[in-house]
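Peer 1: If you read the sequences in order, they're chains A and B.
Note that the first sequence covers residues 37 to 426 in the numbering used here.
Note that the second sequence covers residues 37 to 426 in the numbering used here.
This is the structure I have questions about; it appears just below.
There are 2 protein chains.
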Amino acid sequence: MSVIAPSLFFQVLKSDPQSQARTGVIKTAHSEIETPVFMPVGTRGTVKALTQEMLETLDARIILGNTYHLFLRPGHQLIAELGGLHEFISWPRSLLTDSGGFQVFSLGDLRKIKEEGVEFRSHLDGSKQFISPEVSMQIQHALGSDIVMAFDECTPYPATPEEAKKSLELTTRWALRSRAEFNRLKSAGEPPALPAFLFGIIQGSVYHDLRKQSLEQLLEIGFEGYAIGGLSVGEEKHMMYDTTEFIAPLMPKDKPRYLMGVGTPEDLVESVARGVDMFDCVMPTRNARNGQVFTSQGKLNVRNAKYAKDTKPLDEKCACAACQRYTRAYIRHLYLNDEILASILCSYHNIAFYLDLMRQIRQAIALGEFAIFRASFLAGLQENPRSATE
Amino acid sequence: MSVIAPSLFFQVLKSDPQSQARTGVIKTAHSEIETPVFMPVGTRGTVKALTQEMLETLDARIILGNTYHLFLRPGHQLIAELGGLHEFISWPRSLLTDSGGFQVFSLGDLRKIKEEGVEFRSHLDGSKQFISPEVSMQIQHALGSDIVMAFDECTPYPATPEEAKKSLELTTRWALRSRAEFNRLKSAGEPPALPAFLFGIIQGSVYHDLRKQSLEQLLEIGFEGYAIGGLSVGEEKHMMYDTTEFIAPLMPKDKPRYLMGVGTPEDLVESVARGVDMFDCVMPTRNARNGQVFTSQGKLNVRNAKYAKDTKPLDEKCACAACQRYTRAYIRHLYLNDEILASILCSYHNIAFYLDLMRQIRQAIALGEFAIFRASFLAGLQENPRSATE
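Below is the structure:
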């Protein structure tokens, strides 16, 4: 049922012989994206504290937008009227939008899940709203996303096997409706006419058999890519790794595999080893605004008093513009004074760190040295006492 | 008593035949500064919401730092230990620091003015502090400022002639002590060894005779430049213009004239016409963070609902990177969502607008067309209804 030949959308370039890791390339109408890729999160059409120019300098090829937030404000109709999300935010490269599901379910008492869709009250003004698979597709179509996510129920954690099964089956029925509405919108030929690609989201909590059932049902419908949803929602880390390790190799080899909402640098390396191609997470930008930066030697919090006279850059091994110019002492001073520049510099560095990590991962796989890279990366984190203490 | 030959520091290049306007150049150890110049304010060692790279792109040659703020946090000793303020904030061009006087006097009940200096309590932690002319010089010396301001009492407005006279005479005595301590620090040969220049500050409220008395007393002491203080502190605009118009032409022609804390774009044009060479003001960056931007057609507040679908740039005549890329509709959206990028883009544009205005002023004077420029600039502001309504 796919409207675009998947072979043009995604290609595996090199597979690691000792793990499930692989490099590849995703081609959209807006950019070529080398995988494994980390996608910075631009919830409301801005990756917090960064300009689009900075993201281009860092060579980000794709960023995320959030359907729920943009739907409520400024509204997808307004964005469509102004030429779509790329045009609205002046981002000429690729955009992936989530389905709105995750945010809606996070509303707790403010929402009511029905077969038809989800009724909820806006967190902004309390107004009554409704999102269904069809509405989610219509919003993402109006936004002009390159990669569209099917509307799913993000199963809460913990969930009993019965709850998880019931939830994944709803996700399957919504995935079928998402696929149908996506195809209808595309074949209707209304603008935006550029190709877009629809991803299904695998649920099933931490239960292998349910994850397998969810994947099989999505495969029957057919998507251009598959995402692992419902992880990084409170379960222990080993369960996330275990679930990914189980399900990723069962996902189609010729389609991108996307682990949603993950994670730490270590999570990225470990999940690539388990076969994942795509990641997104608010951690690098959110932590940056709290003074926490990621470095080749683990995390550090630049607000710490011990950096008061430290003239080293945030990360001595980093080539980003923030590390080339500014010291820990200065950035700490900016934090203590609530200066915006602190958020700018730490966000810039953290995104640089994440994108650079993915480049190193891709290069290691391409050179057949991923196992060595993985071991040395993890050893580097463990050797440094900072990651444990800050 | 000046330690540097003033002729190397400042040179008038061209004088406007129809007004007091003139172009010139200030040379410090860190940059050449074409005048008339607007100096962006970097209170705590950062021009709010901008990176140093952005200021360089905008061709800012000099920025301000605030003695009071840097004295309290992180402390001038720490900054000196790390190589001075240029090094600490990574700003290789010129720095002017105020004397701390203005901020200390703004503390109201928290401070006590004596002949020796000012006792006050820190707004950060309530700790007891003291700044005298000598301390102010020592702080600014430790910071390594290129242009140092004498410690003055900023006469409040309104003030009776008696109050203003008493205040300016204290300022004169403090100016003498500032000069002596500045010279002592310089001749002691302690680092920083780079040349610095000391400016005296003229007080006297809105009284011509007192302004003249203040200037004459400062001239006897001798400074590398002279500033007009105690304006833009609540008096009506015509009084500010009148006072500047009276005093500026009496100030030495071969030394820079600095009007402190001023002002709007109109104020800059009008004060240049009255003979002023240097300006500083928080307005472009503070207003930017509230969504108010300066344009060739007057002010606009981008939060206004009428810009919701406006795909024009902030200022259609502006060549800055923000105006080349982003629309009013997008920036409005960013504001309504409290996104940091809104402050970045509006601050960038406003500083670009101010620096570009000064370039236009300098060019008009150089071409002998300042009168035409002034008339057409003011007409442009008045023709546009926005400036009146927003």
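Glycine included, C-beta positions come from ideal geometry on N, C-alpha and C.
Can you look up residue 163(B) in the DSSP assignment and give me helix, strand or coil?
Peer 2: The residue you call residue 163(B) lines up with position 127 of the second sequence. Correct three-state label for residue 163(B): coil.
Peer 1: Leaving out the 5 sequence neighbours to the left and right, which residues in its chain are closer than 6 Å to residue 116(A) when beta-carbon positions are compared?
Peer 2: The count along the first sequence starts at 1 and reaches residue 116(A) at position 80. Around residue 116(A): 178.
Peer 1: Name the DSSP beta bridge partners of residue 60(B), please?
Peer 2: Indexing the second sequence from 1 puts residue 60(B) at position 24. The partner list for residue 60(B) (beta bridge, DSSP) reads 48(B), 71(B).
Peer 1: In or out: residue 313(B) buried (at least 16 other Cβ within 10 Å) or exposed?
Peer 2: By 1-based counting over the second sequence, the position of residue 313(B) is 277. By the 10 Å Cβ count, residue 313(B) comes out buried.
Peer 1: If you scan the stretch 213-278 of chain B from start to end, which runs of the alpha helix (DSSP H) of 4 or more residues do you find wholly inside it?
Peer 2: 244-257
Peer 1: For the beta strand (DSSP E) that residue 316(A) lies in, which residues bound it at each end?
Peer 2: Position 280 of the first sequence, counting from 1, holds the residue named residue 316(A). Per DSSP, residue 316(A) is one residue of the beta strand (DSSP E) stretching across 314-316.
Peer 1: Under DSSP, the beta strand (DSSP E) around residue 321(B) begins and ends at which residues?
Peer 2: On the second sequence, position 285 is the one that residue 321(B) refers to. Note, residue 321(B): premise wrong, no beta strand (DSSP E); alpha helix (DSSP H) at 319-325.
Peer 1: How would you call residue 399(B), buried or exposed, if buried means at least 16 neighbouring beta carbons within 10 angstroms?
Peer 2: Taking the second sequence and counting its residues from 1, one reaches residue 399(B) at position 363. Answer is exposed; the Cβ neighbour count stays below 16.
Peer 1: Could you tell me which chain A residues have their CB closer than 9 Å to the CB of residue 89(B), listed as they occur along the chain?
Peer 2: Counting from 1 along the second sequence, the entry for residue 89(B) is found at position 53. Near residue 89(B) (Cβ distances below 9 Å), the residues of chain A are 357, 361.
Peer 1: Could you work out which residues of chain B lie near residue 342(A), taking near to mean beta carbons separated by less than 7 Å?
Peer 2: Position 306 of the first sequence, counted from the start, is the residue given in the question as residue 342(A). Those do not exist, as residue 342(A) stays about 14 Å from chain B at its closest Cβ, beyond 7 Å.
Peer 1: In or out: residue 220(B) buried (at least 16 other Cβ within 10 Å) or exposed?
Peer 2: By 1-based counting over the second sequence, the position of residue 220(B) is 184. Exposed is the call here.
Peer 1: Taking the alpha-carbon positions, what's the residue 247(B) to residue 120(A) distance?
Peer 2: By one-based count along the second sequence, residue 247(B) stands at place 211. By one-based count along the first sequence, residue 120(A) stands at place 84. Roughly 60 Å between the two C-alpha positions.
Peer 1: Run through DSSP, which three-state label would residue 187(B) get?
Peer 2: Numbered from 1 along the second sequence, position 151 holds the residue referred to as residue 187(B). Three-state result, residue 187(B): coil.
Peer 1: With three or more beta-carbon pairs closer than 8 Å as the criterion, would you say the stretch 127-137 of chain B touches the stretch 101-109 of chain B?
Peer 2: Yes, the stretch 127-137 of chain B touches the stretch 101-109 of chain B.
Peer 1: Only counting the same chain, and skipping five residues up and downstream in sequence, which positions put a Cβ closer than 6 Å to that of residue 259(B)?
Peer 2: For the purposes of this step, residue 259(B) is identified with residue 223 of the second sequence, where counting begins at 1. Within the same chain, residue 259(B) has close Cβ partners 234, 235, 236.
Peer 1: Would you mind telling me which residues of chain B sit closer than 7 Å to residue 82(A), beta carbon to beta carbon, in chain order?
Peer 2: Translated into positions along the first sequence, residue 82(A) becomes position 46. Simply 370, 375, 377.
Peer 1: Starting from the C-beta of residue 270(B), find all residues in its chain whose C-beta is less than 6 Å away, skip the five residues before and the five after it, and write them out in chain order.
Peer 2: Start at 1 with the first residue of the second sequence, and residue 270(B) comes out as number 234. Closer than 6 Å at the Cβ level, and outside the excluded window around residue 270(B), lie 193.
Peer 1: Runs of 4 residues minimum, wholly inside the stretch 282-309 of chain B: which ones carry the alpha helix (DSSP H) assignment?
Peer 2: 301-309
Peer 1: Just how far apart, CA to CA, sit residue 372(B) and residue 371(A)?
Peer 2: In the second sequence, the residue the question calls residue 372(B) occupies position 336. In the first sequence, the residue the question calls residue 371(A) occupies position 335. Taking the straight line from one Cα to the other gives about 24 Å.
Peer 1: Taking 9 Å as the CB-CB cut-off, is residue 227(A) touching chain B?
Peer 2: Residue numbering aside, residue 227(A) sits at position 191 when the first sequence is read from its first letter. No, because no Cβ of chain B sits closer than 9 Å to the Cβ of residue 227(A).
Peer 1: So, under 8 Å CB-CB, residue 65(A) and residue 301(A) are touching, yes? Tell me the CB distance rounded to an integer number of Å.
Peer 2: As a working mapping, residue 65(A) is identified with position 29 in the first sequence. As a working mapping, residue 301(A) is identified with position 265 in the first sequence. Contact flag wrong, Cβ pair sits at about 31 Å.
Peer 1: Mind the definition here: the stretch 344-361 of chain B touches the stretch 309-324 of chain B only if three or more C-beta pairs lie below 8 Å; say whether that holds.
Peer 2: No contact exists between the stretch 344-361 of chain B and the stretch 309-324 of chain B.
Peer 1: Taking Cβ positions, are residue 350(A) and residue 339(A) nearer each other than 9 Å?
Peer 2: If you number the first sequence from 1, residue 350(A) lands on position 314. If you number the first sequence from 1, residue 339(A) lands on position 303. No, they are not a contact pair.
Peer 1: Provide the residue span of the beta strand (DSSP E) that contains residue 131(B), from first to last.
Peer 2: In the second sequence, residue 131(B) corresponds to position 95, counting from 1. Start and end: 130-133.
Peer 1: According to DSSP, residue 337(A) sits in a beta bridge with which residue or residues?
Peer 2: Locating residue 337(A) in the first sequence gives position 301, where the first residue counts as 1. In DSSP, residue 337(A) forms a bridge with 328(A).
Peer 1: Using a Cβ-Cβ cut-off of less than 7 Å, give me the residues of the stretch 124-137 of chain A that come near chain B, in sequence order.
Peer 2: Those would be 124, 125, 126, in chain order.
Peer 1: For residue 355(A), tell me which candidate among 158(A), 393(A), 375(A) has the shortest Cα-Cα distance.
Peer 2: Taking the first sequence and counting its residues from 1, the one referred to as residue 355(A) is at position 319. Answer by Cα proximity: 393(A).
Peer 1: Taking 8 Å as the cut-off, does the stretch 180-197 of chain B touch the stretch 85-96 of chain B (at least 3 CB pairs, one atom from each stretch)?
Peer 2: no
Peer 1: According to DSSP, which residues form a beta bridge with residue 76(B)?
Peer 2: On the second sequence, residue 76(B) is found 40 positions in, with the first residue counted as 1. Partner(s): 317(B).
Peer 1: If you scan the stretch 99-156 of chain A from start to end, which runs of the alpha helix (DSSP H) of 4 or more residues do you find wholly inside it?
Peer 2: 103-108, 112-117, 121-125, 137-141
Peer 1: Could you tell me the distance, in whole angstroms, from the CA atom of residue 310(B) to the CA atom of residue 391(B)?
Peer 2: In the second sequence, residue 310(B) corresponds to position 274, counting from 1. In the second sequence, residue 391(B) corresponds to position 355, counting from 1. Their backbone Cα atoms lie some 19 Å apart in a straight line.
Peer 1: Listed from N- to C-terminal order along the chain, which residues in the stretch 92-120 of chain A have their beta-carbon within a distance smaller than 7 Å of any beta-carbon of chain B?
Peer 2: 109, 110, 114, 117, 118
Peer 1: Give every residue of the same chain whose Cβ lies closer than 6 Å to the Cβ of residue 331(B), excluding the five residues on either side of it in the sequence, and list them in chain order.
Peer 2: Taking the first residue of the second sequence as 1, we reach residue 331(B) at position 295. Taken in chain order, the residues that qualify are 351.
Peer 1: For residue 167(A), tell me which candidate among 189(A), 160(A), 161(A) has the shortest Cα-Cα distance.
Peer 2: On the first sequence, residue 167(A) is found 131 positions in, with the first residue counted as 1. If we check each option's Cα against that of residue 167(A), 189(A) comes out closest.
Peer 1: What is the C-beta distance between residue 54(A) and residue 407(A), in whole angstroms, given that I count them as a contact (C-beta under 8 Å)?
Peer 2: Within the first sequence, the letter at position 18 stands for residue 54(A). Within the first sequence, the letter at position 371 stands for residue 407(A). Contact flag correct, Cβ pair sits at about 5 Å.
Peer 1: Quick one: which chain B residues come within Cβ less than 9 Å of residue 380(A)?
Peer 2: Stepping through the first sequence from its first residue, residue 380(A) is reached at position 344. Here the neighbours are 85, 86, 87, 376, 380.
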